[in-house]
Structures are given as C-alpha cells and as structure tokens.
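Reading through the structure tokens given below for one structure.
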Amino acid sequence: MNTTEDISRLDEPELVRRGHAGDRKALEELFKRYERGLFSFVNRFVGGAADPADVYQDIVLRAIENIHRYNPGLSFRTWLFTLAANYCKNVLRSREQRGKFRMPSMKRSRNDAEIDVLETAPDPAPGPDRAAEGSEFLRALERELGNLPPAQREVFVLRQYNDVPFKEISSILKIPEATARSRMYLAVEYLRVRLRAFAGTGAGRGTEATG
0 MNTTEDISRL DEPELVRRGH AGDRKALEEL FKRYERGLFS FVNRFVGGAA DPADVYQDIV
60 LRAIENIHRY NPGLSFRTWL FTLAANYCKN VLRSREQRGK FRMPSMKRSR NDAEIDVLET
120 APDPAPGPDR AAEGSEFLRA LERELGNLPP AQREVFVLRQ YNDVPFKEIS SILKIPEATA
180 RSRMYLAVEY LRVRLRAFAG TGAGRGTEAT G
C-alpha cells in the first residue's frame, strides 16, 4: 500500500476490507468516523451506571476483535450500534444484579406517534438570558434521560442525537419499526412532562418527524 495515500478518502467498504486484513490505520479511520456519535450513545445510555469512557473503549475493542463478523450487506453503522446497544444493556444488567443500578420499569404505549420533545427548548440565539435558559434545559434533559427505561432511552438517543431513521433503529435493536416508534413516543411523552417548565420559553427545535 502506498504510504503517502490519504486514507481519509477511502470509502467505508474499503476501510472495512483493509481493517479485516489487519490494517490498523484503516480501523482507526473507520472508528474515527463514528467516534462522536458512538460515544454520545454510550454516554447517554449508561451514564450514572458505569464510566462511559470505559464502556466506549470496551465496545471499540470488541468491534475490532469481531470485525471479521461484519456483514457487508448491512451498513457498518448498523452493525456497530447493534454491538454497542447489546454491550450497554449487558453493562446495565450487570450493575443491576450487583445492586448498583436499578432499571426503571417499561410501560406500553397506546400509539406509536412521534412528538417533538425539544420544541420546548429555549432558543439561545437572542442573548445571554436565552443562552442560560437553553443550557439549563439541556442539563435538565440529560438528567431526565437517566430516568428513562433503557429500552426507551436507547431509541431516543439513536433518534435524537444520532439522527438514525426508525427503519435502521429497528435493525439495530432487533425490534419492529412500530415498536421503535412506540418507545420513542413514550420517551418523548415522559420528557415533555418532566420538562414542561421550559414550555413556551422559546422557538421550537427538535427532531424530524419522519424516518
């Protein structure tokens, strides 16, 4: 391989092929492309129950060790987040069994509509007061995410923070698409109630309703 080659220009299938063949630089580039989204997912999924940085590193190492199991018929993101979701669930179960964490109970949804939780978020653009309100809202949102049942939280984080379509969420979590939408609805419904103090304080922001 040409040592002057700009590996960042390679497409994903080629990086996976080289990574599978033992090219460390290809693997580093591959995971660098998903670093921010993957860590965001891990941090919001296990935060409070485990050290997100440690869990993230474990997931990356596990992905590298199992790169030969990646099915090129799937997107790499789908495979990576499936591995991450399963690992995070195991971490939470382990903490629960040791009495260090208690999973909230799961409820059933009466419908699978998606609503926009962040429409209540203050718009920080007008000035310092709005910026402070927006920061306070985001801190409150992060706190309340930890109170969501893991099954709802993983869907919300994939959709809200990683912009993953519901069809892909269905593949990642091995659940029907309608179930993914239902869990998103429950998560948003809970968060909207818990964050209602921020309602009407600014212009709407949030997720797309499609996907």
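According to numbering that gives the first Met the number 0, the residues represented by the sequence shown are 0 to 210, in order.
Backbone N, C-alpha and C define an ideal beta-carbon position, used for all residues, glycine too.
Residue i, enclosing alpha helix (DSSP H) - first and last residue
| i | result |
| --- | --- |
| TYR160 | Here TYR160 belongs to no alpha helix (DSSP H), and DSSP marks it neither H nor E. |
| LEU29 | 23 to 31 |
| ASP57 | 51 to 64 |
| ILE174 | Where ILE174 is concerned, there is no enclosing alpha helix (DSSP H), given that its DSSP letter is neither H nor E. |
| LEU9 | Element bounds for LEU9: n/a, residue is neither H nor E. |
Distance between residue j and residue i (C-alpha atoms, nearest Å)
| i | j | result |
| --- | --- | --- |
| HIS19 | ILE66 | 6 Å |
| ARG193 | GLU143 | 7 Å |
| PHE197 | GLU13 | 47 Å |
| ARG109 | LEU185 | For ARG109, the predicted model reports a pLDDT of 38, less than 50, meaning its position is unreliable; a value from the coordinates is still stated below. Computed Cα separation, rounded: 9 Å. |
| ALA84 | ILE171 | 8 Å |
| ASN89 | PRO149 | 11 Å |
| LEU9 | LEU73 | 18 Å |
Own chain, CB closer than 6 Å to residue i, minus 5 neighbours either side, in chain order
| i | result |
| --- | --- |
| GLU188 | none |
| ARG17 | ALA25 |
Expected contact under 8 Å - CB spacing of residue i and residue j to nearest Å
| i | j | result |
| --- | --- | --- |
| ASP57 | TYR86 | 7 Å |
| GLU11 | PHE80 | Their Cβ separation, rounded to whole angstroms, is 14 Å, which puts GLU11 and PHE80 out of contact at 8 Å. |
| ARG61 | LEU29 | Actually they are not in contact, since the Cβ atoms of ARG61 and LEU29 sit about 14 Å apart, beyond 8 Å. |
| VAL45 | PRO51 | 6 Å |
Given residue i as reference, the closest of the options once Cα atoms are compared
| i | options | result |
| --- | --- | --- |
| VAL15 | ARG68, PHE165, LEU37 and LYS173 | ARG68 |
Contacting residues, own chain, Cβ-Cβ under 7 Å from residue i (five flanking each side not counted)
| i | result |
| --- | --- |
| ILE168 | VAL154, LEU157, ARG158 and ALA179 |
| GLY145 | GLY46 and GLY47 |
Beta-carbon proximity list for residue i, same chain, < 8 Å, skipping 5 on both sides
| i | result |
| --- | --- |
| TYR160 | GLY36, SER39, PHE40 and ARG43 |
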